[in-house]
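Engineer: Everything in the sequence shown is counted per our numbering, starting at 15 for the first residue and increasing by one. All C-beta atoms, glycine included, are put in the ideal place defined by N, C-alpha and C. Bear in mind that the values here come from a model prediction, so they are computed numbers and not experimental data. Here it is, the structure, as C-alpha cells.
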Amino acid sequence: MLEIYQSDSFVKETGHNLLAGWRHLALQVDSIESAKAELEAKGVEFRDPVKPAGGGGRVLFFRDIEGNLLHFVQRPDQSALRRFRASAEKQPR
C-alpha cells in the first residue's frame, strides 16, 4: 500500500527533479501511450513530450492536482528492472 496525503505548505523548488528528497513518483507501465490516453480521458494534462529514461526506456512527466511531479516509465524488455518485475510476478504466493 502507498499512502500519499496533502502537505501543509509548498516550496517552488520541489518541482526540480534533481533536488534531494521527495520530488516525484515513477509509475512503471507497459505502454506510455496507453497510460497517457487513459489519464488524458480523465482530464490530466501532459505538457512535456516523452523523453529517454536514465538507465534505458522512456519517461513521461506530469503533475497531479497538487503539483507533485509524477512520471510514467516504460522499460525495454531487456531491462534489469523489467526482468525483475516479470520474474517477481511469476513467483508463487
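1. Please name the residue or residues paired with arginine 96 in a DSSP beta bridge.
2. Starting from leucine 84, follow the beta strand (DSSP E) in both directions and report where the run begins and ends.
3. When the Cα atoms are used, what is the spatial distance from glutamine 92 to isoleucine 46?
4. Under 8 Å between the Cβ atoms of valine 87 and alanine 67?
5. Could you please give the first and the last residue of the uninterrupted beta strand (DSSP E) stretch that includes leucine 74?
6. For lysine 26, write down the residues that DSSP places opposite it in a beta bridge.
7. Tell me whether leucine 74 is buried or exposed, calling it buried when 16 or more other Cβ atoms sit within 10 Å of its Cβ.
Structural biologist: From the atom records:
1. Residue pairing from DSSP leaves arginine 96 without any beta-bridge partner.
2. Judged by DSSP secondary structure, leucine 84 falls within the beta strand (DSSP E) whose first and last residues are 83-88.
3. In this structure, the straight-line span from the alpha carbon of glutamine 92 to that of isoleucine 46 is close to 17 Å.
4. For valine 87 and alanine 67, yes; Cβs fall inside 8 Å.
5. Under the DSSP assignment, leucine 74 falls in the beta strand (DSSP E) whose first and last residues are 72-77.
6. Its beta-bridge partners do not exist; DSSP assigns none.
7. Answer is buried; the Cβ neighbour count reaches 16.
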